[in-house]
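Numbering (the working numbering), first residue to last: 7 to 427.
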């Protein structure tokens with residue numbers, strides 16, 4: 007009907023002439039049926055639109071209620087998962103912090119053990135090795151027959167060998183300690199990185215938990231629904247547990263290394279103390295032997311001096327006797343010379359003359375014996391003087407050896423006191 011009305015309106019126009027626009031005639035007149043039909047149509051259209059609007063409003067309310075429920079459900083579910091997530095992250099953060107604290111304590115303890123090993127190495131190098139070599143150099147200052155390869159020299163060589171062996175063990179332990187400290191700190195670095203990431207993630211989730219949709223400071227969020235996560239939850243958990251496991255292994259290895267270092271340092275102290283005691287005992291025995299020999303030489307030197315004095319007195323006595331005998335010979339010869347001046351027949355070989363001859367021969371024999379004994383005493387004196395010089399040289403050698411062993415070496419070795427490093 008409406009199109010007919012439009013048609014009627016268009017057909018009511020006419021052209022006034024060529025090239026002229028249409029000229030409107032008088033508007034058409036409608037009938038009552040048209041008027042009634044038009045009102046009914048408009049009323050029906052209005053009712054339909056009102057019903058459609060009511061239905062749309064009702065459906066909109068239902069949709070609003072459904073979206074509210076859906077939104078609330080999803081928010082509750084998201085918040086529930088976020089709380090679970092924050093609880094899980096917080097648990098891992100607590101575990102990471104505990105492991106980090108344990109690793110830090112272990113690192114400090116292991117560094118103390120490393121310093122103990124360094125102290126042992128320094129003591130072996132600056133004390134034990136230096137004193138042992140110094141003793142060997144000092145003992146090269148012995149002279150004469152005392153410069154021999156005795157028990158002390160053999161003990162010093164064994165001590166030098168033990169020192170170098172202990173140094174090798176300590177150096178190897180130091181390298182192991184430094185490597186273990188490096189591994190432990192690498193594990194701590196991974197823990198720190200993981201802990202920092204989880205702290206940040208925990209802070210983000212806790213912040214999200216506090217956010218509500220009625221807040222005015224939410225800002226403008228970006229639509230990241232199409233952004234895919236780079237890692238899965240399994241990979242995330244595996245990485246964390248891998249870091250914890252690596253740190254646990256490093257802690258176990260560090261504990262085993264500390265036990266080994268304790269045992270090693272104890273064994274080094276025992277070995278070095280035992281060898282030092284054996285070397286000191288060898289020094290003590292050698293010093294006692296040298297002092298005994300020196301004392302014997304001094305006693306013999308005293309006896310030799312007594313014999314020298316005795317021989318000297320005997321020589322003096324022999325010389326006096328020879329002088330006396332020489333005067334007796336002179337007296338006898340003078341008497342014979344005087345009797346040679348007897349006149350004539352008085353120059354007879356009487357008993358006096360025979361006695362003078364016999365006395366002269368006896369005196370000459372006595373002088374010869376005394377001279378022989380004097381020469382023997384002089385030879386004995388020379389031998390005794392040679393022995394005296396030899397004894398004095400040996401005493402000086404023994405005194406020098408005693409000084410080197412007892413004063414020089416043993417004074418140095420008093421610093422070799424081994425205790426727990």
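Here a beta-carbon is modelled for each residue, glycine too, at the ideal position from N, C-alpha and C.
How long is the line joining the alpha carbons of residue 303 and residue 371, rounded to whole angstroms? Looking at the two C-alpha atoms, the distance is approximately 41 angstroms.
Cα-Cα separation between residue 252 and residue 193, rounded to whole angstroms: Per the coordinates, the alpha-carbon of residue 252 lies some 6 angstroms from the alpha-carbon of residue 193.
In this structure, how does DSSP classify residue 10 when only helix, strand and coil are distinguished? With a pLDDT of 45 at residue 10, under the threshold of 50, the modelled position of that residue is not reliable, and no figure is offered here.
Buried or exposed: residue 20, going by 16 or more other Cβ atoms within 10 Å of its Cβ? Because the pLDDT at residue 20 is just 45, under 50, the model does not fix this residue reliably, and the value given afterwards should be weighed accordingly. Result: exposed.
Output the distance between the C-alpha atoms of residue 73 and residue 218, rounded to the nearest integer angstrom. Cα atoms of residue 73 and residue 218: separation of roughly 16 angstroms, rounded to the nearest angstrom.
In terms of residue numbering, what span does the alpha helix (DSSP H) encompassing residue 120 cover? Per DSSP, the unbroken alpha helix (DSSP H) holding residue 120 starts and ends at 38 to 129.
Return the first residue and the last residue of the alpha helix (DSSP H) that residue 171 is part of. That run of the alpha helix (DSSP H) goes 157 to 216.
Proximal residues to residue 419 (C-beta, below 8 angstroms), its chain only, five neighbours per side dropped: Here the set comprises 137, 141, 282, 285, 286, 289.
For residue 146, which three-state DSSP category applies? The three-state reading of DSSP puts residue 146 in coil, since its state is none of H, G, I, E or B.
Which of the three DSSP states is assigned to residue 138 in this structure? The three-state reading of DSSP puts residue 138 in helix, counting H, G and I together.
State the DSSP-derived secondary structure class of residue 292, mapped to helix, strand or coil. The three-state secondary structure of residue 292, taken from DSSP, is helix.
State the Cα-Cα distance for the pair residue 277 and residue 416, rounded to the nearest angstrom. Spanning the two alpha carbons is a distance of roughly 19 angstroms.
Between which two residues does the alpha helix (DSSP H) carrying residue 348 extend? DSSP places residue 348 outside any alpha helix (DSSP H), giving it a letter other than H or E.
Among 273, 357, 187, 309, whose alpha-carbon lies nearest the alpha-carbon of residue 116? Ranking 273, 357, 187, 309 by Cα distance to residue 116 puts 187 first.
Rounded to the nearest angstrom, what separates residue 98 and residue 64 at their Cα positions? Distance between the alpha carbons of residue 98 and residue 64 is about 50 angstroms.
CA-CA distance, residue 56 and residue 35? Roughly 31 angstroms separates the two Cα atoms.
Cβ pair count under 8 angstroms reaching 3, the region 192 to 208 against the region 84 to 100: Yes: at least three Cβ pairs fall under 8 angstroms.
I'd like the span of the alpha helix (DSSP H) that includes residue 361, first residue to last. Segment 357 to 408, the alpha helix (DSSP H) holding residue 361.
Helix, strand or coil for residue 424, going by three-state DSSP, please let me know. Three-state DSSP puts residue 424 in coil, outside helix and strand.
In whole angstroms, what separates the C-alpha of residue 110 from that of residue 195? Residue 110 and residue 195: Cα-Cα distance of roughly 11 angstroms.
Nearest neighbour of residue 404, chosen from 412, 358, 297 [CA to CA]: Nearest to residue 404 by C-alpha distance, out of 412, 358, 297, is 297.
Does residue 35 come out as helix, strand or coil in the three-state DSSP assignment? Here residue 35 sits in coil by DSSP.
My assumption, with CB atoms under 8 angstroms, is that residue 412 sits in contact with residue 376. Please give the rounded CB distance. Between residue 412 and residue 376, the beta carbon gap of about 51 angstroms keeps them out of contact (Cβ cut-off 8 angstroms).
Is residue 342 helix, strand or coil by DSSP? Note: residue 342 maps to helix in three-state DSSP.
Would DSSP call residue 153 helix, strand or coil? DSSP, reduced to helix, strand and coil, places residue 153 outside both helices and strands of the structure shown, so it counts as coil.
Cβ atoms of residue 334 and residue 295: under 9 angstroms apart, would you say? Result no, Cβ atoms of residue 295 and residue 334 do not sit closer than 9 angstroms.
With distances taken from CA atoms, which of 421, 400, 118, 123 is nearest residue 151? Scanning 421, 400, 118, 123 for the CA closest to the CA of residue 151 turns up 400.
Taking residue 90 as the reference, which of 113, 126, 154, 212 has the closest Cα? Of the candidates 113, 126, 154, 212, the one whose C-alpha sits nearest the C-alpha of residue 90 is 212.
Around the Cβ of residue 389, are there at least 16 other Cβ atoms within 10 angstroms (buried) or fewer (exposed)? Counting the other CB atoms within 10 Å of its CB gives residue 389 a total below 16, which places it among the exposed residues.
Just mark residue 6 as buried or exposed, buried being the case when its beta carbon has 16 or more other beta carbons within 10 Å. Since the first residue shown for the chain is 7 and the last is 427, residue 6 is missing from the structure and cannot be characterised.
Is the beta carbon of residue 180 sitting closer than 9 angstroms to the one on residue 120? Their beta carbons are under 9 angstroms apart, which means residue 180 touches residue 120 by this criterion.
Which two residues bound the contiguous alpha helix (DSSP H) that contains residue 418? Note, residue 418: alpha helix (DSSP H), 416 to 419.
Report the CB separation of residue 427 from residue 271 in whole angstroms; it is logged as a contact under 8 angstroms. The pair is a contact, with the Cβ atoms about 5 angstroms apart (cut-off 8 angstroms).
Put residue 411 into one of helix, strand or coil per three-state DSSP. Note: residue 411 maps to helix in three-state DSSP.
Go ahead and label residue 134 buried or exposed: buried means 16 or more other beta carbons lie within 10 angstroms of its beta carbon, across all protein chains shown. Around the CB of residue 134, 16 or more other CB atoms lie within 10 Å, so the residue is classed as buried.
For residue 279, which of 37, 423, 363 has the nearest alpha-carbon? Minimum Cα distance to residue 279 is reached at 423.
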